[in-house]
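Position 21, counted from 1, in the sequence shown is what the UniProt record's numbering calls 21; the numbers after and before it change by one each time, with no gaps. Notes for the one structure printed next.
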Amino acid sequence: MEIAHDPQPVYRQARFTDLTDIAAIEAEVFHEPYLYLMLRQLFELHGSAWLVAELEGAVIGYALVLEKDGKALLFTFAVARSRQGRTYGRALLEAALSRCRELGAREMSLTVRPDNLAASNLFKRVGFVFRAHDDRYFGPGEPRDVFFHPLRD
């Protein structure tokens with residue numbers, strides 16, 4: 001008897017044509033999503049820094065990692081709600097960490113809303129460590145927890 005396996009995504013560099021799917025996921029997942037025009041400008045400047053998870057021809061997740069002088073920032077990251085909880089986010093994060101290692105980054109940092117326990121737990125499972133809590137990270141009423149992941153021994 002054969003055991004059925006879920007199809008696995010391809011993790012690849014994003015293309016301009018992926019932006020519509022990225023914007024749709026952004027709007028679905030975040031309370032205050034980046035607008036398409038912002039995503040478009042980020043793509044113009046940092047197109048090679050975007051990774052996507054593609055499953056059966058559709059983008060189901062994305063990560064934008066900005067790196068400079070050995071420090072990397074997970075600028076934005078999301079997986080479509082219908083695809084969460086299936087390890088796709090973990091694999092996408094691991095692909096982003098691998099890319100940062102290839103670039104020579106020493107660590108990756110990220111911020112997450114303190115009430116986003118699912119994301120915080122995912123980041124911890126992948127090896128991110130809590131660094132600080134900032135009640136005003138993005139201004140009044142916009143707290144964030146800051147995490148980091150060392151990339152070199």
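Just so it is clear, CB atoms sit at the ideal spot from N, CA and C, and this is done for glycine as well. This structure is a prediction, so every number in the text was calculated from the model and none was measured.
Handout entry: alpha helix (DSSP H) segment containing G31, residue limits
Key = Per the sequence presented here, residue 31 reads as His, with Gly not at that position. Per DSSP, H31 is not a residue of any alpha helix (DSSP H), being assigned neither H nor E.
Practice task
Going by CA-CA distance only, name the one from L19, T76, L93 and G85 that's closest to V59.
Solution key: Here the closest residue by C-alpha is L19.
Exercise for the section: Along the beta strand (DSSP E) that carries L55, what are the first and last residues, could you check? Expected result: Unbroken beta strand (DSSP E) run through L55: W50 to L55.
Problem - Distance, F75 Cα to H46 Cα - result: Rounded to the nearest angstrom, the two C-alpha atoms are 11 Å apart.
Problem - Backbone secondary structure at F16 - three-state DSSP - result: When DSSP states are grouped into helix, strand and coil, F16 belongs to the helix group.
Practice task
Identify, in the order they occur along the chain, each residue of the same chain with its Cβ nearer than 7 Å to the Cβ of G139, setting aside the five sequence neighbours on each side.
Solution key: Cβ contact annotation for G139 (same chain, cutoff 7 Å, sequence separation greater than five): none.
Exercise for the section: Check whether the region 110 to 130 touches the region 70 to 84, taking contact to mean three or more Cβ pairs, one atom from each stretch, closer than 8 Å. Expected result: As far as the Cβ criterion goes, the region 110 to 130 touches the region 70 to 84, which means the pair count is three or higher.
Exercise for the section: Using the DSSP secondary-structure output, state which residues sit across from G61 in a beta bridge. Expected result: For G61, which the question treats as bridged, DSSP gives the partners A53 and V79.
Handout entry: Close-in-space but distant-in-sequence residues of the same chain around V112 (CB under 6 Å, 5 per side omitted)
Key = Within the same chain, V112 has close Cβ partners A119, S120 and D145.
Handout entry: Host alpha helix (DSSP H) of E142 (start-end)
Key = Where E142 is concerned, there is no enclosing alpha helix (DSSP H), because DSSP gives it neither an H nor an E.
Exercise for the section: Note down the Cα distance separating G70 from L103, rounded to an integer number of angstroms. Expected result: Looking at the two C-alpha atoms, the distance is approximately 8 Å.
Practice task
Check the C-beta distance from F51 over to A105 and give it rounded, since I have them as a contact under 8 Å.
Solution key: The residue you asked about is not Phe; residue 51 is Leu in the sequence shown. Between L51 and A105, the beta carbon gap of about 14 Å keeps them out of contact (Cβ cut-off 8 Å).
Handout entry: Which listed residue (Q8, F147 and R81) has its alpha carbon closest to that of A24
Key = By alpha-carbon distance to A24, the top candidate from Q8, F147 and R81 is R81.
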